[in-house]
Structure formats: structure tokens, C-alpha cells
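Colleague: Input: one structure, supplied below.
Number of protein chains: 2
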Amino acid sequence: VALGAVLLHAACAGAPETSAPEVNAPADIAAINALRDGFAKAYEAGDAAAFANLYTPDAISQPNHEPTVTGRDAVIEMHKNTFSQFAMKLEIMPDETRTMGNTGFDRGRYRMTVTPKAGGPAITNEGRYTVMLEKGDDGAWRVSRDIDNSTMPMPAPGAAPQ
Amino acid sequence: VALGAVLLHAACAGAPETSAPEVNAPADIAAINALRDGFAKAYEAGDAAAFANLYTPDAISQPNHEPTVTGRDAVIEMHKNTFSQFAMKLEIMPDETRTMGNTGFDRGRYRMTVTPKAGGPAITNEGRYTVMLEKGDDGAWRVSRDIDNSTMPMPAPGAAPQ
Numbered sequence: 008v009a010l011g012a013v014l015l016h017a018a019c020a021g022a023p024e025t026s027a028p029e030v031n032a033p034a035d036i037a038a039i040n041a042l043r044d045g046f047a048k049a050y051e052a053g054d055a056a057a058f059a060n061l062y063t064p065d066a067i068s069q070p071n072h073e074p075t076v077t078g079r080d081a082v083i084e085m086h087k088n089t090f091s092q093f094a095m096k097l098e099i100m101p102d103e104t105r106t107m108g109n110t111g112f113d114r115g116r117y118r119m120t121v122t123p124k125a126g127g128p129a130i131t132n133e134g135r136y137t138v139m140l141e142k143g144d145d146g147a148w149r150v151s152r153d154i155d156n157s158t159m160p161m162p163a164p165g166a167a168p169q
Numbered sequence: 008v009a010l011g012a013v014l015l016h017a018a019c020a021g022a023p024e025t026s027a028p029e030v031n032a033p034a035d036i037a038a039i040n041a042l043r044d045g046f047a048k049a050y051e052a053g054d055a056a057a058f059a060n061l062y063t064p065d066a067i068s069q070p071n072h073e074p075t076v077t078g079r080d081a082v083i084e085m086h087k088n089t090f091s092q093f094a095m096k097l098e099i100m101p102d103e104t105r106t107m108g109n110t111g112f113d114r115g116r117y118r119m120t121v122t123p124k125a126g127g128p129a130i131t132n133e134g135r136y137t138v139m140l141e142k143g144d145d146g147a148w149r150v151s152r153d154i155d156n157s158t159m160p161m162p163a164p165g166a167a168p169q
């Protein structure tokens, strides 16, 4: 029996590392909820530097009607540029958050109001987003990929301004 | 030792079911490549019924500047409506395909040309897509969520038609 115990230990020792990854662990979902809140707060505060804590170093951001932005530094730069011109209100309504081990995704809707700092009318946009998420070696969840679009009709070229 | 072997067998018997899910298994990636090809072919053939094989029953489709479409039947209906009005050319350029067990995602770029069947100029759109994927009990991969957007500038309201 002693030898059996040794064999058993040897055979199963690796099990915790190779066992099924946790799915939708409450601590992971809570961390992603906090990440999402941080995202909206960074927008409303116009705090581009905050995005360093929200995105992975190799993140790829794919904003609607804009070129793809590759890397966390470029994501910060993009937001710096936006925040210098606009004050933002951002509401995020999550519809689905799933994790498996150290990866996951979050999907939902947003409502954004953009007010030009130079004056002029505020513009509201509504739509959906999907972000891919990664849990780093430090245990923190970050956005690795994002994409958004709009549920509002595309303005027809030549349409009268509203 | 015999008893040890029995214990070992008993302790580890459940391992295959609870072990780590396969990541990026070549057969899964190949199946997703075929799914993507089927998607483009269905567009070019104007074959709305083909989407029944491409989407999960509870799929959620989130086309840019359109309302969210919930359920495979509604996805088929949407495409039926589109294909009745437009001939489509669709090129899909995948950038990233990942699977873990029975879930995965595919992310990339597309170029689409839409020609009104009633006449008038063709319109080309370019952008990105992200789809969430699920492998069913039948072993087939299907799209469970999709979202796309455009890399082309948003037409300004009141801009001259191009």
C-alpha cells in the first residue's frame, strides 16, 4: 500500500497543472466587472494613462471607422489624442462575460456621448462591443483585443446634417 | 504493487474527462477554416439557407449599423432579405484563430462589395470581424456570436455623395 501511495502520488502529481481550467470563476468575473468599470472611468476622466492598466502589452484595438491600433502604447496615444479634443460620457451595459482559465471574453452594449472641447453640439453613439480578455501572471485581467460597432443607421452620404 | 495499481487506476480514471482541454488542435483550426470558407461561399451564392449550418441555434449576430439579430432563424431571415436586394462579393482575411476545448474565436478582416440588384453603383466596404465559435456535440464548429465594423471613415452627415 505504501508503494501504491507513492506510485499514485507520482502518477497524479501533475494533475493540478493539467486539469480542466476553471470556467466563469466568480473571482475572475468580479475582476472583469472591475476592469469594465475602470474602462468607463478612464473615458469619463479623460485619463489616457489609465489604459496602461487595462490592456495587455500586445493588445489590438479595432475601433469602428478607424484604423486598427496595435500595442498598448498606441492605444494610450489614441486615447490621449481623443481626450485632448473631446469630453466623453461612456455607459457600458454588459450582456455576457465568460472565462476559461486565463482567457475570456466580455460582450455587451455601450452608449457614448462625445462633446467637442472647442464647442459645438454633443454627439451620441450607441452600439455593441466584444473584448477578448487575458489573465496575466500577476493575476490581473486585461483586454487583449477589442472591437465595437454601432446600432445607429449609417448616415447616407449627402444626407442633411441633423 | 497490484493493490497500488488498482488505487492508481481508481484515482486517475476520471483524468481524461477533466484534463486540460486541447488548445488550437489542428483538426479544430482546419474545421474553422472550412467554416469561414463556407461563410464567404454562402454570401457569394446568395444562399441564406446555408447559414443554418454555420450558426448555433442561439447565435447572436451584431452587424454594424443594424439591430442585433438573435437566433439562427433570424440570421437566415436577415440574409434572405439582404440577398433578395443585393449581389455580394466577400473576401475574408483571417488574422487570428484560437480554440480551447469546444470554444474558440476567429478574428480578421473582410472586404465586401455589394451590388444592388435593382441597378445602381456597387459599394465596397472594408473592415474587421470577430466571431465566437462553439463545437457542437456533433463535432461541427459553428458561429455563436459575431460582430463586425468598418475601417472606412464614417461619412459625415451632409457630405457630398461620392
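Chains B and Y are the protein sequences, given in the same order. Just so we're aligned: 99 in our numbering is position 92 of the first sequence, and the numbers increase by one with no gaps anywhere. Just so we're aligned: 117 in our numbering is position 110 of the second sequence, and the numbers increase by one with no gaps anywhere. Glycine included, each C-beta is placed from N, C-alpha and C at the ideal position.
Which residues, in order along the segment 131-154 of chain Y, keep a beta-carbon less than 7 Å from a beta-carbon of chain B?
Modeller: Within the segment 131-154 of chain Y, the qualifying residues are Arg135, Thr137, Met139, Arg152 and Ile154.
Colleague: Report the residues of the segment 48-76 of chain Y with a CB closer than 9 Å to any CB of chain B, ordered along the chain.
Modeller: Correct list: Ile67, Gln69, Pro70, Asn71, His72, Glu73, Pro74 and Thr75.
Colleague: Could you tell me whether the Cβ of serine 91 of chain Y comes closer than 8 Å to any Cβ of chain B?
Modeller: Start at 1 with the first residue of the second sequence, and residue 91 of chain Y comes out as number 84. No, serine 91 of chain Y does not count as interfacial toward chain B.
Colleague: With a CB to CB cut of under 7 Å and the five nearest residues on each side skipped, what residues in its chain are close to alanine 22 of chain B?
Modeller: By 1-based counting over the first sequence, the position of residue 22 of chain B is 15. Residue placement at alanine 22 of chain B is poorly supported in this model, since its pLDDT is 47, which falls under 50; the coordinates still yield a value, given next. Taken in chain order, the list of residues that qualify is empty.
Colleague: Does any CB atom of chain Y fall closer than 8 Å to the CB of glycine 21 of chain B?
Modeller: Your numbering for residue 21 of chain B matches position 14 in the first sequence. No answer about glycine 21 of chain B holds up, because its pLDDT of 49 lies below 50 and its placement is not dependable.
Colleague: Taking 8 Å as the CB-CB cut-off, is alanine 27 of chain B touching chain Y?
Modeller: For the purposes of this step, residue 27 of chain B is taken as the residue at position 20 of the first sequence. It does; some Cβ of chain Y falls within 8 Å.
Colleague: Could you tell me the boundaries of the beta strand (DSSP E) in which valine 30 of chain B lies?
Modeller: Taking the first sequence and counting its residues from 1, the one referred to as residue 30 of chain B is at position 23. First-last for valine 30 of chain B: undefined, no H or E at that position.
Colleague: Applying a beta-carbon distance threshold of less than 7 Å, which residues of chain B neighbour threonine 110 of chain Y?
Modeller: Here residue 110 of chain Y refers to the residue found at position 103 of the second sequence. Met107, listed in chain order.
Colleague: DSSP three-state label for proline 23 of chain Y, please.
Modeller: Looking up residue 23 of chain Y in the second sequence gives position 16. Interpretation of proline 23 of chain Y is limited by its pLDDT of 49, a score under 50 that renders its predicted location unreliable; no figure is taken from the coordinates.
Colleague: So with Cβ pairs under 8 Å, would you call arginine 43 of chain Y a contact of chain B?
Modeller: Counting from one through the second sequence, the residue named residue 43 of chain Y turns up at place 36. Cβ-Cβ to chain B under 8 Å: no for arginine 43 of chain Y.
Colleague: Step through the CB atoms of chain B and report whether any lies within less than 8 Å of the CB of arginine 118 of chain Y.
Modeller: The sequence position of residue 118 of chain Y within the second sequence is 111, counting from 1. Chain B contact via Cβ: absent.
Colleague: Does the Cβ-Cβ distance between glutamate 103 of chain Y and alanine 47 of chain Y come in under 8 Å?
Modeller: Reading the second sequence from its first residue, position 96 is the one you call residue 103 of chain Y. Reading the second sequence from its first residue, position 40 is the one you call residue 47 of chain Y. Result no, Cβ atoms of glutamate 103 of chain Y and alanine 47 of chain Y do not sit closer than 8 Å.
Colleague: Using 8 Å as the limit for Cβ to Cβ distance, is methionine 161 of chain Y near chain B?
Modeller: If you number the second sequence from 1, residue 161 of chain Y lands on position 154. Yes, because at least one Cβ of chain B sits closer than 8 Å to the Cβ of methionine 161 of chain Y.
Colleague: Quick one: residues in its chain with C-beta nearer than 8 Å to the C-beta of leucine 61 of chain B, no 5 flanking neighbours on either side, listed in chain order?
Modeller: Walking along the first sequence from the start, residue 61 of chain B turns up at place 54. Excluding sequence neighbours, leucine 61 of chain B sits near Leu42, Gly45, Phe46, Ala49, Arg149 and Val150.
Colleague: Since glutamate 113 of chain B and valine 138 of chain B should fall inside the 8 Å C-beta cutoff, what is the C-beta to C-beta distance between them, to a whole number of angstroms?
Modeller: Within the first sequence, residue 113 of chain B is the residue found at index 106, counting from 1. Within the first sequence, residue 138 of chain B is the residue found at index 131, counting from 1. In the sequence on display, residue 113 of chain B carries aspartate and not glutamate. At roughly 5 Å, the Cβ-Cβ gap stays under 8 Å, so aspartate 113 of chain B and valine 138 of chain B are in contact.
Colleague: If you reduce the DSSP assignment to three classes, tell me which class proline 168 of chain Y lands in.
Modeller: For this step, residue 168 of chain Y is matched to residue 161 along the second sequence. Caution is warranted here: a pLDDT of 47 is assigned to proline 168 of chain Y, below 50, making its placement in the model unreliable, and no coordinate value can be reported.
Colleague: Against asparagine 88 of chain Y, what residues of chain B qualify as contacts under a CB-to-CB distance less than 9 Å, listed in chain order?
Modeller: If you number the second sequence from 1, residue 88 of chain Y lands on position 81. What asparagine 88 of chain Y touches in chain B: nothing, since even the nearest Cβ is about 16 Å away.
Colleague: In whole angstroms, give me the CA-to-CA distance for glycine 134 of chain B and isoleucine 36 of chain Y.
Modeller: Looking up residue 134 of chain B in the first sequence gives position 127. Looking up residue 36 of chain Y in the second sequence gives position 29. Roughly 30 Å between the two C-alpha positions.
Colleague: Nearest CA to the CA of tyrosine 136 of chain B: which residue from B:Arg152, B:Met119 and B:Asn156?
Modeller: Mapped onto the first sequence, residue 136 of chain B falls at position 129. Here the closest residue by C-alpha is B:Asn156.
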